[in-house]
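>
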Amino acid sequence: MYIIVGLGNPTREYQATRHNIGFDAITKISDDYRISLDFKKHKAICGKGMIAGEKVILAQPQTYMNLSGESVRELKDFYKVEPEDIIVIYDDISLEPGKLRIRTKGSAGGHNGIKSIIAHLGTEDFPRVRVGVGDKPAGWDLADYVLSRFSKEEQPVVREALGKASEAVKTILTEGMEQAMNLYNRK
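According to numbering that gives the first Met the number 0, the sequence shown is numbered sequentially starting from 0.
1. Please list the segments of the alpha helix (DSSP H) lying wholly inside the region 122 to 173, counting only runs of 4 or more residues, in order along the chain.
2. Nearest to residue 58 by CA position, among 68, 111, 130, is which residue?
3. Could you tell me the alpha carbon to alpha carbon distance between residue 10 and residue 179, rounded to whole angstroms?
4. Is residue 190 helix, strand or coil by DSSP?
5. In this structure, how does DSSP classify residue 2 when only helix, strand and coil are distinguished?
6. In whole angstroms, what is the alpha-carbon distance linking residue 38 and residue 46?
7. Alpha carbon to alpha carbon, how far is residue 152 from residue 81?
8. Would you call the CB atoms of residue 145 and residue 16 closer than 8 Å?
9. Does DSSP put residue 82 in a helix, in a strand, or in coil?
10. Using 8 Å as the threshold, is the C-beta distance between residue 51 and residue 172 below it?
11. What's the C-alpha gap between residue 94 and residue 54?
12. Below 7 Å CB to CB, which residues in the same chain sit around residue 66 once its five sequence neighbours on both sides are set aside?
13. What is the rounded straight-line gap between the Cα of residue 85 and the Cα of residue 137?
14. Shortest alpha-carbon distance to residue 56 belongs to which of 4, 183, 154?
15. Comparing C-alpha positions only, which one of 174, 141, 131 sits nearest to residue 156?
16. Going by beta-carbon coordinates alone, are residue 97 and residue 123 separated by less than 8 Å?
17. Am I right that residue 61 and residue 44 are in contact with their C-beta atoms under 8 Å? What's the rounded C-beta distance?
18. Thinking C-alpha only, which one of 29, 109, 32, 64 is nearest residue 8?
19. Closest by CA to residue 20, which one among 99, 126, 121?
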């Protein structure tokens with residue numbers, strides 16, 4: 000079993016913002032694999048289903064970004080999975096919009112949601128799918144930027160990236176992290 004977590008902030012005001020691209024990726028995966036996000040447990044909106052023959056739990060933590068680790072830890076403990084079976088999808092300002100970067104482990108890189116997950120799991124060793132949201136323009140406050148919405152020009156690129164993130168998760172589950180990194184880190 001795998002737990003696939005998309006990071007974001009709950010409530011309407013944060014919908015479709017750069018920081019919520021992890022939530023958007025979970026919604027895309029849910030649609031692609033017909034997995035209903037139909038129950039709330041472990042401080043997350045969740046769905047159970049199958050992707051390419053693998054049992055998965057999709058999760059959108061409802062703790063707000065900076066406390067995401069609370070939800071991820073509860074999910075890990077309840078479903079008795081190892082950190083390497085938890086795939087976390089989140090926004091990355093160091094990547095241009097639409098780019099993906101897949102890693103098996105690593106530091107938080109300044110991302111507070113990942114920082115929280117590392118603290119609650121006690122390890123940096125869990126797979127990540129980073130989705131580019133672009134660097135903040137000069138003069139912008141970082142919080143204001145990540146809580147802003149994508150421009151009209153960026154929206155098609157972001158939709159395509161969400162499709163790639165969904166495909167990348169399937170590749171991780173069926174062919175492994177190495178193959179997923181080879182396929183998606185170069186695009």
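Glycine included, C-beta positions come from ideal geometry on N, C-alpha and C.
Checking against the coordinates, here is how it stands:
1. 141 to 145
2. Residue nearest to residue 58 within the set 68, 111, 130 is 68 (criterion: CA-CA distance).
3. The alpha-carbon atoms of residue 10 and residue 179 are separated by roughly 32 Å.
4. In the structure as shown, the chain starts at 0 and stops at 186, and residue 190 therefore has no counterpart that could be examined.
5. strand
6. When rounded, the distance between both Cα atoms is 6 Å.
7. 40 Å
8. Taking 8 Å as the Cβ cut-off, residue 145 and residue 16 qualify as a contacting pair.
9. helix
10. At a Cβ-Cβ threshold of 8 Å, residue 51 and residue 172 count as neighbours.
11. 30 Å
12. If you ignore the 5 residues before and after residue 66, its C-beta comes within less than 7 Å of the C-beta of 115, all in its own chain and listed in chain order.
13. 35 Å
14. The residue among 4, 183, 154 with its C-alpha nearest the C-alpha of residue 56 is 4.
15. 131
16. no
17. 6 Å
18. Nearest in C-alpha terms to residue 8, of all of 29, 109, 32, 64, is 64.
19. 99
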